[in-house]
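Engineer: Residue numbers (the numbering used here), protein chains in the order written: chain A, 10 to 132; chain B, 377 to 571.
From the three backbone atoms N, C-alpha and C, an ideal C-beta is built for every residue, glycine too.
Owing to the predicted nature of the structure, the values given are computational and were not obtained by experimental measurement.
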């Protein structure tokens, strides 16, 4: 769990040229990915040997668990917009499945709130 | 989390992520509170201002380069196999998180963390959540050496509605911070039931 950038010590910030890894394709977010969109490997043990390093790193993080876009960005030390492009590519190629976060509803979901409250009380 | 025993077709099933926001002034203890209850050490992520839709007019006084970023610290609590709760703390020296629509959209609610020595630092967050109809509570972080105010004094100083809970806490303490989350979620339940 220490792969991400911790908050200790000097913070170098994101990569200097964050969109080098996306070949300059900033903002081409065709899947409307949210910071809380969950993604997961479509198949366990998928063959990722032909992929660029950043893609392989994402696949490694999402191999056996669902992970949010924001957590992938933090663990890879990349800007969110760059991670959305990379994850979008992996969704297009069938490597990742994704699930949007709870939609912003007019009416809050009481059952959801109760479940969250129950979970927090158990901490 | 979200373990699935079927190795051929792991699915996201009913998994979903929800979020709460923790706002307040610089140094008030937002990341400390997140860290006190999070199951992971708080992580930091950043976004370019241009990618969160901030217009040039909004950036008066900001470094003119397009590399200006807004940072977020966050933690995670796995509620159950279906629900994961993210807690987002907004770095206090940075007023530009207010422009980050994606951050507040869909948030269940918010905690405005206050320091009684600098109550004015959280006016911006209170205004923001009131104007967006995002339910929130005030959590007063009781620093050593800070004057002890009672709830009514805090309430009057912040000019908040009577139904907004005010909770005193020690953000360094896990049980105390957990109680802040419980108070917020109870408030969210009450607010939702009244609709």
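Three-state secondary structure (DSSP) at residue 412 of chain B?
Structural biologist: helix
Engineer: Please give the ranges of any alpha helix (DSSP H) in the segment 457–496 of chain B, keeping only runs that are unbroken, at least 4 residues long and fully inside the region.
Structural biologist: 477–480
Engineer: Sort B:461, B:423, B:488 and B:537 by Cα distance to residue 577 of chain B and report the nearest one.
Structural biologist: Given a span of 377 to 571 for chain B in the structure shown, any question on residue 577 of chain B remains unanswerable.
Engineer: Name the two residues that bound the continuous beta strand (DSSP E) containing residue 326 of chain B.
Structural biologist: This structure leaves residue 326 of chain B out entirely; chain B is present only between 377 and 571.
Engineer: Count the other CB atoms within 10 Å of the CB of residue 420 of chain B; is the residue buried (16 or more) or exposed (fewer)?
Structural biologist: buried
Engineer: Does residue 540 of chain B come within less than 8 Å of chain A when only Cβ atoms are used?
Structural biologist: no
Engineer: Determine, using beta-carbon pairs with one atom in the segment 553–560 of chain B and one in the segment 525–538 of chain B, whether at least three such pairs fall under 8 Å.
Structural biologist: The segment 553–560 of chain B is not in contact with the segment 525–538 of chain B.
Engineer: Determine, using beta carbons only, whether residue 405 of chain B and residue 517 of chain B come nearer to each other than 8 Å.
Structural biologist: yes
Engineer: How many Å lie between residue 514 of chain B and residue 112 of chain A at the Cα?
Structural biologist: Between the alpha carbons of residue 514 of chain B and residue 112 of chain A lies a distance of about 25 Å.
Engineer: Nearest-angstrom Cα distance between residue 89 of chain A and residue 103 of chain A?
Structural biologist: 21 Å
Engineer: Assuming residue 45 of chain A and residue 399 of chain B make a contact with CB atoms under 8 Å, what is their CB distance in whole Å?
Structural biologist: The pair is not a contact, with the Cβ atoms about 17 Å apart (cut-off 8 Å).
Engineer: Are the C-beta of residue 512 of chain B and some C-beta of chain A separated by less than 8 Å?
Structural biologist: no
Engineer: So, at 8 Å on beta carbons, what are the nonlocal neighbours of residue 53 of chain A in its own chain, with the 5 sequence-adjacent residues on each side left out?
Structural biologist: 72 and 73
Engineer: Determine which residues share a DSSP beta bridge with residue 392 of chain B and list them.
Structural biologist: B:459
Engineer: Return no unless some Cβ of chain B is closer than 8 Å to the Cβ of residue 119 of chain A.
Structural biologist: For residue 119 of chain A, at least one C-beta of chain B is nearer than 8 Å to its own C-beta.
Engineer: Could you give the C-beta distance for residue 473 of chain B and residue 502 of chain B, rounded to a whole number, given that I count them as a contact under 8 Å?
Structural biologist: Not quite, the Cβ-Cβ distance comes to about 14 Å (not below 8 Å), so this is no contact.
Engineer: From the beta carbon of residue 456 of chain B, is the nearest beta carbon of chain A less than 8 Å away?
Structural biologist: yes
Engineer: Excluding five sequence neighbours on each side, which residues of the same chain lie with their C-beta closer than 7 Å to the C-beta of residue 552 of chain B?
Structural biologist: 545 and 546
Engineer: For residue 554 of chain B, count neighbouring Cβ atoms within 10 angstroms of its own Cβ and tell me buried if that reaches 16, exposed if not.
Structural biologist: Buried: at least 16 other Cβ atoms inside 10 Å.
Engineer: Got a sec? Which residues, its chain only, sit under 7 Å from residue 480 of chain B by beta carbon, not counting five neighbours each side?
Structural biologist: 397, 508 and 510
Engineer: With 16 other CB atoms within 10 Å as the buried threshold, where does residue 482 of chain B fall?
Structural biologist: buried
Engineer: Go ahead and label residue 539 of chain B buried or exposed: buried means 16 or more other beta carbons lie within 10 angstroms of its beta carbon, across all protein chains shown.
Structural biologist: exposed
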